[in-house]
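Numbering (our numbering), first residue to last: 652 to 772.
Even for Gly, the Cβ is constructed at its ideal location relative to N, Cα and C.
Just so it is clear, the structure is predicted and the values come from calculations on it, not from any experiment.
Comments concern the structure below.
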(Lines of atoms letter the chains of each structure in order from A and count residues from 1; the text may use other names and numbers.)
(Lines give C-alpha, C1' and ligand atoms only; values in the text may rest on other atoms or scores of the structure.)
Protein backbone atom coordinates (compact mmCIF):
# COMPACT_ATOMS: atom_id res chain seq x y z
CA UNK A 1 0.00 0.00 0.00
CA UNK A 2 1.63 3.19 -1.11
CA UNK A 3 1.03 6.46 -2.92
CA UNK A 4 3.76 8.65 -4.38
CA UNK A 5 2.98 11.87 -6.24
CA UNK A 6 5.71 14.32 -7.22
CA UNK A 7 5.00 17.99 -6.62
CA UNK A 8 4.32 20.46 -9.40
CA UNK A 9 3.73 24.22 -9.40
CA UNK A 10 0.14 23.62 -8.30
CA UNK A 11 0.15 20.26 -6.53
CA UNK A 12 1.95 19.06 -3.41
CA UNK A 13 4.38 16.22 -2.93
CA UNK A 14 2.44 13.29 -1.49
CA UNK A 15 3.93 10.13 -0.08
CA UNK A 16 2.07 7.48 1.86
CA UNK A 17 3.95 4.33 2.72
CA UNK A 18 4.38 2.06 5.72
CA UNK A 19 2.04 4.12 7.91
CA UNK A 20 3.72 7.45 7.15
CA UNK A 21 1.90 10.17 5.21
CA UNK A 22 3.65 13.31 4.02
CA UNK A 23 1.99 16.15 2.12
CA UNK A 24 4.14 19.19 1.39
CA UNK A 25 4.29 22.11 -1.00
CA UNK A 26 1.53 24.12 -2.65
CA UNK A 27 -1.95 22.58 -2.83
CA UNK A 28 -3.76 24.54 -5.50
CA UNK A 29 -4.81 21.82 -7.94
CA UNK A 30 -7.38 22.76 -10.53
CA UNK A 31 -9.29 19.54 -9.78
CA UNK A 32 -8.79 18.84 -6.06
CA UNK A 33 -11.03 15.79 -5.91
CA UNK A 34 -9.23 14.08 -8.79
CA UNK A 35 -5.86 14.87 -7.22
CA UNK A 36 -6.58 13.70 -3.66
CA UNK A 37 -9.04 10.84 -4.37
CA UNK A 38 -6.34 8.15 -4.94
CA UNK A 39 -4.80 9.04 -1.57
CA UNK A 40 -8.15 8.99 0.21
CA UNK A 41 -8.97 5.62 -1.38
CA UNK A 42 -5.61 4.23 -0.24
CA UNK A 43 -6.17 5.54 3.31
CA UNK A 44 -9.60 3.88 3.37
CA UNK A 45 -7.95 0.56 2.43
CA UNK A 46 -5.19 1.13 4.99
CA UNK A 47 -7.73 1.41 7.81
CA UNK A 48 -8.47 -2.31 7.59
CA UNK A 49 -4.79 -3.26 8.22
CA UNK A 50 -3.06 -0.23 9.77
CA UNK A 51 0.24 0.12 11.55
CA UNK A 52 -0.02 0.57 15.31
CA UNK A 53 1.12 4.18 14.85
CA UNK A 54 0.33 6.26 11.78
CA UNK A 55 2.47 9.37 11.33
CA UNK A 56 1.27 12.34 9.31
CA UNK A 57 3.28 15.40 8.32
CA UNK A 58 1.57 18.34 6.67
CA UNK A 59 4.18 20.79 5.40
CA UNK A 60 2.02 22.90 3.15
CA UNK A 61 2.96 26.35 1.92
CA UNK A 62 -0.54 27.18 0.69
CA UNK A 63 -3.85 25.44 0.01
CA UNK A 64 -6.80 26.68 -2.02
CA UNK A 65 -10.41 26.16 -0.93
CA UNK A 66 -10.81 22.91 -2.87
CA UNK A 67 -7.67 21.44 -1.36
CA UNK A 68 -8.70 22.57 2.13
CA UNK A 69 -11.88 20.50 1.91
CA UNK A 70 -9.96 17.43 0.80
CA UNK A 71 -7.37 17.90 3.56
CA UNK A 72 -10.26 17.89 6.01
CA UNK A 73 -11.57 14.70 4.40
CA UNK A 74 -8.13 13.09 4.78
CA UNK A 75 -8.11 13.92 8.50
CA UNK A 76 -11.64 12.58 8.91
CA UNK A 77 -10.47 9.28 7.40
CA UNK A 78 -7.45 9.30 9.73
CA UNK A 79 -9.78 9.86 12.67
CA UNK A 80 -11.31 6.44 11.99
CA UNK A 81 -7.93 4.93 12.89
CA UNK A 82 -8.04 6.59 16.30
CA UNK A 83 -11.64 5.48 16.80
CA UNK A 84 -10.46 1.91 16.14
CA UNK A 85 -7.82 2.20 18.89
CA UNK A 86 -4.78 3.00 16.75
CA UNK A 87 -2.43 5.92 17.36
CA UNK A 88 -2.22 8.83 14.94
CA UNK A 89 0.47 11.52 15.19
CA UNK A 90 -0.15 14.65 13.09
CA UNK A 91 2.47 17.37 12.66
CA UNK A 92 1.45 20.64 11.02
CA UNK A 93 4.59 22.41 9.82
CA UNK A 94 4.27 26.06 8.85
CA UNK A 95 5.64 29.52 9.40
CA UNK A 96 4.13 30.71 12.73
CA UNK A 97 3.59 34.12 11.13
CA UNK A 98 1.58 32.62 8.26
CA UNK A 99 -1.86 33.29 9.70
CA UNK A 100 -3.61 31.63 6.75
CA UNK A 101 -1.89 28.26 7.16
CA UNK A 102 -1.95 28.33 10.98
CA UNK A 103 -5.69 28.98 10.84
CA UNK A 104 -6.19 26.16 8.36
CA UNK A 105 -4.41 23.74 10.69
CA UNK A 106 -6.52 24.89 13.65
CA UNK A 107 -9.73 24.63 11.58
CA UNK A 108 -8.98 21.06 10.52
CA UNK A 109 -7.86 20.09 14.03
CA UNK A 110 -11.16 21.37 15.43
CA UNK A 111 -13.07 18.91 13.22
CA UNK A 112 -11.32 15.77 14.43
CA UNK A 113 -10.38 14.23 17.76
CA UNK A 114 -6.69 14.06 16.87
CA UNK A 115 -4.51 16.80 18.38
CA UNK A 116 -2.06 18.42 15.97
CA UNK A 117 1.53 19.23 16.88
CA UNK A 118 2.49 22.60 15.41
CA UNK A 119 6.08 22.77 14.25
CA UNK A 120 7.61 26.05 13.04
CA UNK A 121 9.10 26.03 9.56
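| Asked | Found |
| --- | --- |
| Compute the distance between the beta-carbons of residue 684 and residue 709, then report whether it is under 7 Å. | no |
| Roughly how many angstroms lie between the CA atoms of residue 735 and residue 700, to the nearest whole one? | 11 Å |
| Have a look at residue 748 and residue 771 and give me their C-alpha separation to the nearest angstrom. | 9 Å |
| Count the other CB atoms, across all protein chains shown, that sit within 10 Å of the CB of residue 766; report buried if there are 16 or more and exposed otherwise. | exposed |
| Where does the unbroken alpha helix (DSSP H) through residue 728 begin, and where does it stop? | 716–734 |
| By the DSSP assignment, the alpha helix (DSSP H) with residue 761 in it spans what residues? | 750–762 |
| DSSP beta-bridge partners for residue 771? | 745 |
| On the premise that residue 667 lies in contact with residue 703, defined as a C-beta separation below 8 Å, what is that separation, rounded to the nearest angstrom? | Going by Cβ atoms, the distance from residue 703 to residue 667 rounds to 16 Å, so no, they are not a contact pair. |
| Which residue marks the beginning of the alpha helix (DSSP H) containing residue 688, and which one marks its end? | 683–697 |
| Below 6 Å CB to CB, which residues in the same chain sit around residue 726 once its five sequence neighbours on both sides are set aside? | 759 and 763 |
| Measuring CB to CB, does residue 671 end up less than 7 Å from residue 706? | yes |
| Give the range of the beta strand (DSSP E) segment to which residue 668 is assigned. | 664–668 |
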